[in-house]
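In the working numbering, the protein residues as written are 14 to 490. Inspection log for the structure reproduced underneath, given as C-alpha cells.
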Amino acid sequence: MTRVLLVDDDDAIRTVVAHALRRAGHEVRTAASLAELRRELAGDTPDVLLTDVVLPDGDGIENVAQVLAAHPELPVIVLSARNTLTTAVRATEAGAYDYLPKPFDLDTLTRTVAAALARRSGVSEAQATDEDPSLPLIGRSPAMQDVYRVIARVVSNDLTVLVSGESGTGKELVARAIHDLGQRRAAPFVPINMAAIPRELIEAELFGHERGAFTGAAQRNAGRFEQAAGGTLFLDEIGDMPIEAQTRLLRVLQSGEFTTVGGARTIRADVRIVAATNRDLQQAVAGGQFREDLYYRLNVVPIALPALRERRGDVAELARHFLDRAGAEGLPRKTLDAAAVAVLEAHDWPGNVRELENLMRRLAALSRDDRIGAAEVQATIGGAGTAEAAPDPGIEAAVRAMIERLARQEPRALDDGSLYARIIGEVERPLIEAMLARHGGNQLRAARAIGLNRNTLRKRLDMLGIDIGARQEGLDG
C-alpha cells in the first residue's frame with residue numbers, strides 16, 4: 014500500500030483529505046506543523062508528501078527544497094489558500110511535483126496523487142522566492158489557477174509559448190510574467206504588435222536593416238530580434254502577420270538564425286518567443302491566412318486566457334487592485350461598497366480586464382464620495398458606451414417571463430393580434446422615459462442615445478402618451 018504524508022494545521026482539512034485518500038487505497042499519516050513533518054520523515058519516508066504553505070512554525074514551500082535535498086525521489090504536492098501566481102511559481106521553483114489551490118476538488122487531489130506515484134522522478138533543489146505583493150496577474154478563480162500552473166512550468170525553460178484570449182484579457186501581462194520570473198529576466202523584454210506595423214516594414218522591424226537597404230534607410234537599424242538578444246521577444250497579435258512575413262519568421266524559428274534586410278551576415282537569434290493572438294489561429298490556418306507549420310512552431314505551450322465574464326469571482330479583487338493602483342498614482346483613494354461590487358460582478362465586461370481597469374480609474378477620478386456605491390457604478394458602466402457591449406440577457410429573460418405571465422393570466426392576448434404592439438409598448442415606454450430622465454428632458458440627446466431622430470421620438474411620445482410637461486422643451490437646442 015502506498016504511503017501519503019499530509020501536512021496541514023487545519024484539523025478539518027486533515028480529516029477530509031485523509032479520508033478521501035484512504036478511500037482511494039492509500040495509507041495516510043498526518044502532521045500539523047513542520048516540526049511534526051520532520052519527525053515523520055525521520056522514520057519511514059512516504060511515497061508522496063502533501064504540504065500546506067502557511068504552517069504554525071514556518072513556510073511549507075521554503076521547507077520543500079530542504080525535504081527534497083534529503084529525499085530527491087519524493088514527489089511533493091503543495092496545497093495553498095494563497096492562490097496567486099507567485100505561490101505557483103515558488104512551489105515549482107522549489108521542486109514541487111504539483112501545486113493545488115484551495116479549495117480543491119477531492120477527485121482532482123486523488124488523481125494528482127496517483128499521477129505523482131506513477132511518475133516518480135527526481136526533482137532539483139531551487140531557491141524559493143519571496144512573496145511579491147505587486148503581482149503581474151491577479152485572480153484566484155479555477156480558470157486563473159490553471160494559467161498560473163502552466164506559467165510556473167515554463168518559466169524555467171525556453172519553450173515557445175502561444176497565449177490566446179479576447180482583447181483586454183491580459184496576454185502581454187502573461188508574457189511579461191514568463192519573462193520576469195524566468196531565467197532570461199536580466200535581459201530585455203521586447204514587445205512588437207504585428208497589427209500596428211505596415212506590412213512592407215514588418216521584416217525590417219523584426220530583423221533590422223542595413224544602410225541603403227531601401228529608400229529612406231539612411232543608417233543601419235537593429236530589429237526586434239537583435240534588441241531582445243538574450244531576453245524575450247513578444248509577438249503580439251501574431252494572427253495579423255502577413256503571410257509572406259510568416260515565411261521569413263518560420264525560417265528563423267527553424268534555423269535559429271537570421272539576416273538583416275539588405276545584409277549578408279548571419280546573426281544568431283538568441284531569444285525566447287512568446288506570441289499572442291485574439292484570433293482563432295486554427296481557423297485562420299484552415300482559411301489559408303496563417304501557415305500551418307508556423308502555427309505548430311508557435312503553439313508548443315498554449316495558454317488560453319479566460320474572458321473576465323468567465324471568472325466573475327475575480328472581479329472584486331481586480332477592482333480593488335485597480336483602485337489601489339489609481340490611488341498610488343495620485344488619484345483620490347476610493348473604496349467600493351458591497352452593492353457596487355455586486356453590480357461589477359453582474360456586468361459582462363466585453364472589454365475584459367482592460368475595461369474594468371479603465372472604469373476603476375474613471376470612478377477614482379470622478380466620484381465625489383470616498384466610498385463608491387452601486388448607483389454610481391451602474392451609471393458609469395451605462396455611460397461607457399462601448400461598441401463591443403454585449404446585449405443584456407436580462408431583457409430577453411424579462412420578455413419571456415412577460416409572455417409566460419400573459420399565457421397564464423390572459424391567454425387570449427396571445428391570439429388576438431395585439432401581442433407584438435403590447436410587448437414593444439411595455440419595453441419602449443420605460444426605455445424612452447429612462448433616456449429622457451438621464452438627459453434632463455433633452456429630447457435631442459435622448460433620441461440620439463436611443464438611436465432615433467428627434468421627430469420620430471416626438472411621435473412616439475405622443476403615441477405613448479408620455480407627457481414631458483415641465484421638462485423644458487427649450488433644452489432641445
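From the three backbone atoms N, C-alpha and C, an ideal C-beta is built for every residue, glycine too. Since the model is a prediction, treat every value here as computed from it, not as a measurement.
Could you give the uninterrupted runs of the alpha helix (DSSP H) lying entirely in the region 56 to 91, keeping only those of 4 residues or more?
Complete alpha helix (DSSP H) runs here, min 4: 73 to 83.
Exposure of residue 365, with buried meaning 16 or more beta-carbon neighbours within 10 Å:
Residue environment analysis places residue 365 among the buried positions, since at least 16 neighbouring C-beta atoms fall within 10 angstroms of its C-beta.
Going straight from the alpha carbon of residue 384 to that of residue 329, what length do you get?
C-alpha separation (whole angstroms): 14 Å.
Classify residue 210 as helix, strand or coil using the three-state DSSP reduction.
In this structure, DSSP gives residue 210 a state outside helix and strand, which the three-state scheme calls coil.
Pull up the distance between the alpha-carbon of residue 331 and that of residue 73, whole angstroms please.
Approximately 27 Å between the Cα atoms of the pair.
Whole angstroms is fine: what's the gap from residue 280's alpha carbon to residue 123's?
Near 50 Å, if we compare the C-alpha coordinates of residue 123 and residue 280.
Three-state class that DSSP yields for residue 114 in the structure shown
In the structure shown, residue 114 sits in a strand (DSSP, three-state: E or B).
Check whether the Cβ atoms of residue 175 and residue 266 sit closer than 9 Å, and answer yes or no.
For residue 175 and residue 266, no; Cβs fall outside 9 Å.
Per-residue burial, residue 50 [other beta carbons within 10 Å of its own, 16 or more giving buried]:
Answer is buried; the Cβ neighbour count reaches 16.
Exposure of residue 430, with buried meaning 16 or more beta-carbon neighbours within 10 Å
Residue 430 sits exposed, since fewer than 16 C-beta atoms from the chains shown fall within 10 Å of its C-beta.
If I measure Cβ to Cβ from residue 195 and keep anything under 6 Å in the same chain, skipping five residues before and after, which residues do I get?
168, listed in sequence order.
Report yes if the C-beta distance between residue 154 and residue 276 is below 9 Å; otherwise report no.
In this structure, residue 276 does not lie closer than 9 Å to residue 154 by Cβ.
Look at the alpha carbon of residue 14 and the alpha carbon of residue 71, and state the distance between them as a whole number of angstroms.
Our two residues, residue 14 and residue 71, have alpha carbons roughly 30 Å apart in a direct line.
Is it buried or exposed, residue 485, if we count other Cβ atoms within 10 angstroms and call 16 or more buried?
With a pLDDT of only 41 at residue 485, under the threshold of 50, the placement of this residue in the model should not be trusted, and no figure is reported.
Output yes or no for whether 9 Å exceeds the beta carbon distance between residue 211 and residue 242.
Not in contact: residue 211 and residue 242 (Cβ atoms no closer than 9 Å).
Give me the Cα-Cα distance between residue 347 and residue 379, rounded to the nearest whole angstrom.
Computed Cα separation, rounded: 10 Å.
Do residue 150 and residue 314 have their C-beta atoms within less than 9 Å of each other?
No. Outside cutoff.
Assigned exposure category for residue 109 - 16 Cβ within 10 Å defines buried
Here residue 109 is buried: its Cβ has 16 or more other Cβ atoms, across all protein chains shown, within 10 Å.
Per the DSSP calculation, residue 288 is bridged to which residue(s)?
The secondary-structure analysis by DSSP pairs residue 288 across a beta bridge with 175, 248.
Confirm, please, whether the CB-CB distance from residue 217 to residue 230 is below 9 Å.
Going by C-beta atoms, residue 230 is nearer than 9 Å to residue 217.
Have a look at 251, 111, 99 and flag the residue whose alpha-carbon is nearest the alpha-carbon of residue 63.
Minimum Cα distance to residue 63 is reached at 111.
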